[in-house]
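Mapping of the sequence shown onto this note's numbering: residues 31 to 323, in sequence order. All C-beta atoms, glycine included, are put in the ideal place defined by N, C-alpha and C. None of the values given here were measured: they were computed from a predicted structure.
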Amino acid sequence: MDNLQKLKKTSIRATDIAAQYWCERQMELNYLFGEKITKEKMDSRIKGTAFHEELERETATVPIILMPMSYADSLYKILYMSNAALEALPKNGRCREVQIYGKLNGFRLVGKIDMLEIKDGRVSIYEDKTKTNEELPSEPQLKSHKAQVITYRKMFDDIASARYTADDFRKDYRTSGLKITQQFAMQLDSLKVPKEEQSIDRIAESLFASFHSLPQLSDNIYLRYTSQLTGKEIKLYKFTYHEEEMKSTLGFVLSYWSGERESLPVPEEEKWKCKWCGFFGNRCKVWWPQQKL
Ligand code: SF4
């Protein structure tokens, strides 16, 4: 049994990959026993979500109100919104919240890109993170978030190079048998979406076509940190994407998902992370005997 089955998951999320680079054992325990979240972490997450929603409103071309009633409706909405964002990208120079799909050694891979920007004729990927303080992110934070944006860059490249296609998506998500509800179709009618485009397969084809219509991908990938206290940018990091780094980044996480190895706890030099972990001393006692964190 691979670890995707063990965790009762059907896809690897790009955020799972980031979490593996923070503490893989914690990521696994979160899925097995439910996330143990402190009040501070919850407050921070709420603020982070509000920040992302605000950014999305800033770049949205038209307010789209769609109320899904089923799984098929929700999937349609995600594809529709992402496609609308990509279609607006060449005109506006940037867009936000684009769902992306792909595959990694047979495992379904999914994520949501925070921002795409066209700079010097090329498309760059941005990942936005918020911080509860105004300090620069630690090296382990950067490493974890960088793994996420590297994953997006690889997924985008796979779509652009037709290594992952609308047909692969249709098979992976068995979309041909999915039908949107009547109520949802009426909402699409009011947005003047033609009847022939009101199927998951058609909107998925449009989304993949929109990815293909974009300019070439840039090798620059960006990580931006913003303060939740002031809303000011703390720092924008620019990295160069390298194929070799992507392979080693994803190779490490895959060895876990394929079941080759067990989940890894943090190494000794990072046991300070355990102080903020809800599993410390209960589900995970790896560093419990050395409590001096
Ligand atoms: S206690 Fe430490 S090693 Fe264990 S899951 Fe939490 S962060 Fe990871």
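Asked                                                                                                                                                                                               : Found
Starting from the C-beta of residue 117, find all residues in its chain whose C-beta is less than 8 Å away, skip the five residues before and the five after it, and write them out in chain order. : 240
Helix, strand or coil for residue 20? Go by DSSP, reduced to three states.                                                                                                                          : Summary: the structure shown does not reach residue 20, with the chain confined to residues 31 through 323, and so no result is reported for it.
Does the ligand SF4 have even one heavy atom less than 6 Å from the beta-carbon of residue 125?                                                                                                     : no
Return yes when the C-beta of residue 295 is under 6 Å from any heavy atom of the ligand SF4, and no when it is not.                                                                                : yes
Below 6 Å, is the gap between the Cβ of residue 56 and the nearest heavy atom of the ligand SF4?                                                                                                    : yes
Quick one: measure Cβ to Cβ for residue 44 and residue 182, integer angstroms, because I've assumed they're closer than 8 Å.                                                                        : 6 Å
Any chance the CB of residue 173 is under 6 Å from a heavy atom of the ligand SF4?                                                                                                                  : no
What are the start and end residues of each continuous beta strand (DSSP E) run of 3 or more residues lying completely inside the segment 113-195, in chain order?                                  : 124-134, 137-149 and 152-161
For residue 255, which three-state DSSP category applies?                                                                                                                                           : strand
Helix, strand or coil: which one does DSSP assign to residue 225?                                                                                                                                   : helix
What did DSSP end up calling residue 267 once you bin it into helix, strand or coil?                                                                                                                : strand
Less than 8 Å between the CB atoms is what I'm expecting for residue 22 and residue 196, so what's the real figure, rounded?                                                                        : Given that the chain is displayed from residue 31 to residue 323, the structure contains no residue 22 and the question cannot be resolved.
Output the boundary residues of the beta strand (DSSP E) element that contains residue 55.                                                                                                          : It is not in any beta strand (DSSP E) - residue 55 instead sits in the alpha helix (DSSP H) that spans 44-63.
Taking DSSP's pairing of strands, which residues face residue 250 in a bridge?                                                                                                                      : 270
Can the beta-carbon of residue 126 be found closer than 7 Å to that of residue 41?                                                                                                                  : no
Buried or exposed: which applies to residue 175, given that a residue is buried once 16 or more other Cβ atoms fall within 10 Å of its Cβ?                                                          : buried
Going by DSSP, name the residue or residues bridged to residue 310.                                                                                                                                 : 314
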